[in-house]
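Read the structure below first, then the notes.
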Amino acid sequence: MVVTQPHDSQLKVLCEVIKKIPRDQASRLLAKARGLDIVEVAWEDTARTKNSVYGPNISDLTLLVAEVRMPLFRHPNFADYSWDVPMDKIPLVVGNENGTTLKSVSLANYLNDISKYTGLKKSLYCPKRDSHALVSAQSCFLPVPPKQTPAVYFGATPPIQDPTKFYVSIYNYQSTTTHSAVLAIVATSKGTSAQLLLKTQNGVFAGQKLYFNSNGSKHAFLAQRLTYDRILRGEKDLTKPMTAEERQNNAIVVIQVPLKMSDNLRSSHLLSSASFGSSGPKSSTTSFGVFGPTNSTQPPIYGPQHNSPNCFKEASPFAAFGQTNTSYQPPQQIAPNSPYPTYPASPMAPLSSPAFQPFGSKSSFSPSKSSFGFGATHPPKVSFGFGATQNQQISLPRVQNPPPVDIENAIISLAESEGKFPSLEGKPLERDERYPVRVTIQWYKVTSSGNVSTEVVDEIHQQMQVAKSQADFWGSLVVDKASWEVQNNRPTEIMPTSPHPIVGKHPDTVCDICHVNFKDNEIRYRCMYCPDWDVCQKCFPSHSHPSKHLLAAVKDSTSPDIQNNVRVANRTNLVHNVQCSTCRFAIVGARYVCAVCNEGVPGKAAINLCESCADNSSHAENRHPLIRVWHSEDLKQIGLE
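Here the sequence shown is numbered in our numbering, starting from 5 and rising by one per residue.
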C-alpha cells in the first residue's frame, strides 16, 4: 500500500472547488425540490425571534478546511425547521475526558451530572425546561483528493491519500471575549467534550473552534473516504452497506446549552447571522474510529459491547440510547411542575423507536435506493408546514452529459493533539432556562468533484426524514404559526422573561449624554418628541437637543400621573390623517414615524405608529429609531414629509 501526502496547495484548490456547491444552480435546484438549501453558514440558534433574523441567543455554525468554509445541506436558514426529541432518548458517550472505560448516558443525565465530566460546580439540567431538546440536522461536504488508479498487477490496491483535517466552528452573537452565553458540547461515538463559546479570532474568521477532549488533550477532526478506511482495515468488500460501527463513525453532534449572563454583558444588538469561522493547519492522523483505547477493557470496537447494559443498538447518529446504569434517570414525560402539558406520541413512528435513527445507506458512491432503513417503511407524514416545501414541484434542468460525481460517506477520526483541552473546573456556570438546548446532527460526506447527483440529494433528504420521524414535534419556531401560535404545543418555545422589579424613582433610565444612571433625587428631563431621549440634571444646561422639542421635567418616573402627562394620550385634537401601520386605525394624538423605513424613497415616512402600538409593538426588533410627531407639518423640518 502506498500512502501519498497531498500538498497544501492541492488542498486549497480542492476547497475552492467544493465551496462552489452552494452557488451551483443545478445543485440548489435539487436541494430546493426536497425542501433543503445549501449554505456555508448554518443558523443554529437556541432562541430566535419570530419572523426575524434576530434573537436573544443566536449562533452561526460552519466547517472550515484550510481557512475555507465548506458546504452544508440543511433546511433553509431563515425558516430553520426543527424537531423536538426527549432528552432521555439522546445518547452521549462519556469516559473519554479522563481515559476511563467508555459508557453511554442520556443527554439529560449528562447535563444533570455534568460536574462528573467537566468539573463544573452546578448541574445544567432544568426539569421544567429540559423534557425535550431542539434538534436539526445537516449533511456536511468536505474535500478529498481524487481517487487514484492502482497499478495493474495481481493484488494491487489503490494509493491511499491522507484524510482531510477540518474544524467545527461556532460564533455566538451574545457571547463576549470573557463571558459565554452558550456551553458547546461535541459528541461522537467515541466521547463527549464540553467547552465555552467565546468571541475569538482564529485565522481569517471570528469564531470558536470546537475540539474533542481525549483525556485532557484537544483534537480537531479528520475525514477519510469510507473505501480507504475499509482498505486500511483489511476489508475485502468495499461496496457493501455501512456497518453499525461505520454509521457511528460517520456523525458528529453539536449541542448548545444556553447560559445566564448579566444584563450588562449580554449583547443588546441581537445581531443577525453573518460571517465567522476558524481555521488550522493540516496534519497527520491519530485515528479513534478503528482501534480501541489502550487503557480500555472493551474489544477493538469502541463503545459498550452489545451484551452490556449500556449497549448501542443499530440506530442514532452513533447508536440509539438504551438502558443505563446511572441512578439518576429523568422521567420520559415532563416533570410534574412543568409549565407544559403532556405531549402526544409521534404519529410517524412507534414509541419504542430510538431518538435518532440514521439512514441505512450503502457507501455513498452507490447510494441506497431503499426508502427508509431500520423499520421506517414509509416516508413520515408532513406536518407543521413541511408539506409546502416537501411537495413543491420544481422543474429541474436536463443534463445531456452529467459531470462525474465522486462522493462517498466519510469516516471521522481524530487529528493530532493541539495542546491541552480548556478546563471548566470550578466555573460557576448557570443554565439560562428561558431557552432550549439545541442539538445539531451532522452526517459527513467527502468529495473531489463538487458535483452533486439526484441520488445523493435523495439520500440526504431521506436521512433527515427518518431523523424527523422520531420526534414528538417538528416544524418551524420562526415562521410556522401552526408550530408556535399555541406555545404549549412545543416544549422548546422560548419561555417568557420574568419582569424586572422596579427599583428607584427612575428605574433602568440612563442619561443620553453622560450615559450614567439617574439618581433618585435628581430631575429627569424627557423629550416629548423623541420616544427615548433623556438628559440628567447635570447635563441639562449644556445639552444640544433640538430646541423645538419640548422637554418634560420628571421627578418620579414610576408615578402613573407622570406617565399620563408625558404620554399626553388624551390629546384627541391631534389628527394626522394617517393610518397606523400596525393596528390600521387613524392616528389620534402623538404620531411615531420610523426614521429608517421609507419604501426606498428618501424622505418618505413609510412606517407610522400610534402611541399604543409604538409602546407595545416591536417594529424592526426595536432597532429603528422612532420620531414622535405632534403635528404632521413638523415632519417637513426633519425631511420626512
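Cβ coordinates follow ideal geometry from the N, Cα and C atoms, glycine included.
Tyr529 carries a strand assignment under DSSP once its states are collapsed to helix, strand and coil. Pro150 and Ser473 have their C-alpha atoms spaced approximately 36 angstroms apart. Around the C-beta of Glu463, 16 or more other C-beta atoms lie within 10 Å, and the residue is accordingly described as buried. The shortest CA-to-CA distance from Ser636 to any of Arg595, Glu615, Asp619, Ala624 is the one to Arg595. Note on geometry: alpha-carbon atoms of Glu20 and Gly593 lie some 59 angstroms from one another. A Cβ-Cβ separation of about 36 angstroms leaves Gln165 out of contact with Val186 under the 8 angstroms criterion.
Distance check between Leu418 and each of Asn113, Phe225, Ala30 places Phe225 closest, using alpha-carbon atoms only. Comparing C-alpha distances from Arg435 to each of Leu202, Cys534, Asp134, Ala475 shows the shortest one belongs to Asp134.
With a 10 Å radius around the Cβ and a threshold of 16 neighbouring Cβ atoms, Asn253 comes out buried. Per DSSP, Ile464 is one residue of the alpha helix (DSSP H) stretching across 458–473. The C-beta separation of Val483 from Ile517 comes to about 41 angstroms, leaving the pair out of contact by the 8 angstroms criterion. Per DSSP, Cys587 is not a residue of any alpha helix (DSSP H), being assigned neither H nor E. Distance between Ser193 and Gly430, taken at the CA atoms: about 27 angstroms. Around the C-beta of Glu420, fewer than 16 other C-beta atoms lie within 10 Å, and the residue is accordingly described as exposed. Where Ala248 is concerned, there is no enclosing beta strand (DSSP E), although the alpha helix (DSSP H) around it starts and stops at 248–252. Under the DSSP assignment, Glu422 falls in the beta strand (DSSP E) whose first and last residues are 411–424. Taking each of Pro495, Thr180, Asn100, Ser179 in turn and checking the Cα distance to Ala198, the smallest one comes out for Asn100. By the Cβ-count criterion, Ser546 is exposed, with fewer than 16 other Cβ atoms from all chains shown falling within 10 Å of its own Cβ. Counting other Cβ atoms within 10 Å of its Cβ, His465 reaches 16 or more and is therefore classed as buried.
Here Asp476 is buried, its C-beta having at least 16 other C-beta atoms within 10 Å. For Val57 and His628, the gap between their C-alpha atoms comes out near 15 angstroms. Under DSSP, the beta-bridge partners assigned to Phe225 are Phe170, Leu418. Annotated three-state conformation of Asn612 is strand, per DSSP.
CA-CA distance, Arg52 to Pro60, rounds to 6 angstroms. When Leu554, Ala70, Glu422, Ser143 are compared, the shortest CA-CA separation from Val456 is found for Ser143. Listed as beta-bridge partners of Gly195 by DSSP are Thr192. The Cβ atoms of Val45 and Thr66 lie closer than 9 angstroms to each other. Residue burial is scored here from C-beta neighbours: Ser561 has at least 16 other C-beta atoms within 10 angstroms and is therefore classed as buried. Distance between Lys23 and Arg32, taken at the CA atoms: about 13 angstroms. The region 227–239 and the region 438–450 touch, with three or more beta-carbon pairs separated by less than 8 angstroms.
By the criterion of a C-beta distance shorter than 6 angstroms, Asn521 is surrounded in its chain by Val514, once the five residues flanking it on both sides are discounted. DSSP places Arg32 inside the alpha helix (DSSP H), whose first and last residues are 29–36. The alpha carbon of Cys587 has as its nearest neighbour, out of Glu615, His580, Ala599, Leu630, the alpha carbon of Glu615. With contacts defined by Cβ atoms closer than 9 angstroms, His136 and Pro500 do not form a contacting pair. Annotation for Val109: the continuous beta strand (DSSP E) segment containing it runs 107–110.
For Arg52, there is no enclosing beta strand (DSSP E), as DSSP gives it neither H nor E.
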